[in-house]
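Asks:
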Amino acid sequence: MSTLRLEIVTPERKVYENDVNMVVVKGVSGELGILPHHIPLVTPLKIAPVKAKVNNKDVFFAVHGGFIEVRKDKVVILAEAAEFGSDIDISRARLAKERAERRLAQKQEDINSSRAELALQRAISRLETAEREI
Ligand code: ATP
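Taking UniProt numbering, the leading residue of the sequence shown gets 1, the next gets one more, and so forth.
1) Return the CA-CA distance between Val-70 and Ile-39, expressed in angstroms with no decimal places.
2) Leaving out the 5 sequence neighbours to the left and right, which residues in its chain are closer than 6 Å to Ala-93 when beta-carbon positions are compared?
3) Got a sec? Which residues, its chain only, sit under 7 Å from Thr-10 by beta carbon, not counting five neighbours each side?
4) Round the Cβ separation of Leu-35 and Met-22 to the nearest angstrom and send it over; I've been treating them as touching at under 8 Å.
5) May I ask which residues mark the beginning and end of the beta strand (DSSP E) holding Arg-5?
6) Mapping DSSP to helix, strand and coil, what is Ala-81?
7) Should Glu-12 be listed as close to ligand 1, given that the test is whether its C-beta is under 8 Å from any heavy atom?
8) Could you pull out every residue in the same chain whose Cβ sits closer than 6 Å to the Cβ of Val-24, ignoring the five residues on either side in sequence?
9) Looking at Ala-62 and Ala-130, is the spacing between their C-beta atoms short of 9 Å?
10) Is His-38 close to ligand 1? I mean its beta-carbon at under 8 Å from any heavy atom of the ligand.
11) Going by the beta-carbon positions, is the gap between Val-76 and Ile-68 smaller than 9 Å?
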């Protein structure tokens, strides 16, 4: 089965690099399945789990926004933060979710509520990713 190179990078570190059979991401305009020889593209990503198929096994990553760049034989995902599914600290994500929900419940229409909304999305995506990785 043919492969493409997947790299997931944050400003802090390289989270993942491997030859994979397929990558599935949530772009801002919908879900994208990328197989080898996909046409080149660049698009922003939603805060959502990313799936890669490696030797017929699915692996999951929590990717927090950023961009995907599809080149001829390589896919680069560049995000502010990203974690391999099995590296996610579930209790930390649960606490972050509760904290964000508490802040949003205060219903203040200010800059902090959009920060809390993003923190909530990151926490939900981490919990979803960790659940799928098990
Ligand atoms: P928290 O409030 O728990 O810090 P956060 O969403 O504000 O969550 P980020 O700013 O997105 O955290 O991430 C800061 C760093 O911590 C990044 O390197 C990120 O990969 C890591 N990180 C955050 N939450 C988790 C988690 N639940 N499990 C593993 N790594 C995490």
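In this text, a Cβ means the ideal position worked out from N, Cα and C, and glycines have one as well. The structure presented is a predicted model; accordingly, all values stated were derived computationally and were not measured.
Replies: Taking the geometry as given:
1) 7 Å
2) Ala-123, Arg-126, Leu-127
3) Ala-79, Glu-80, Ala-81, Ala-82
4) 6 Å
5) 4-9
6) coil
7) yes
8) Gly-33, Lys-51
9) yes
10) no
11) yes
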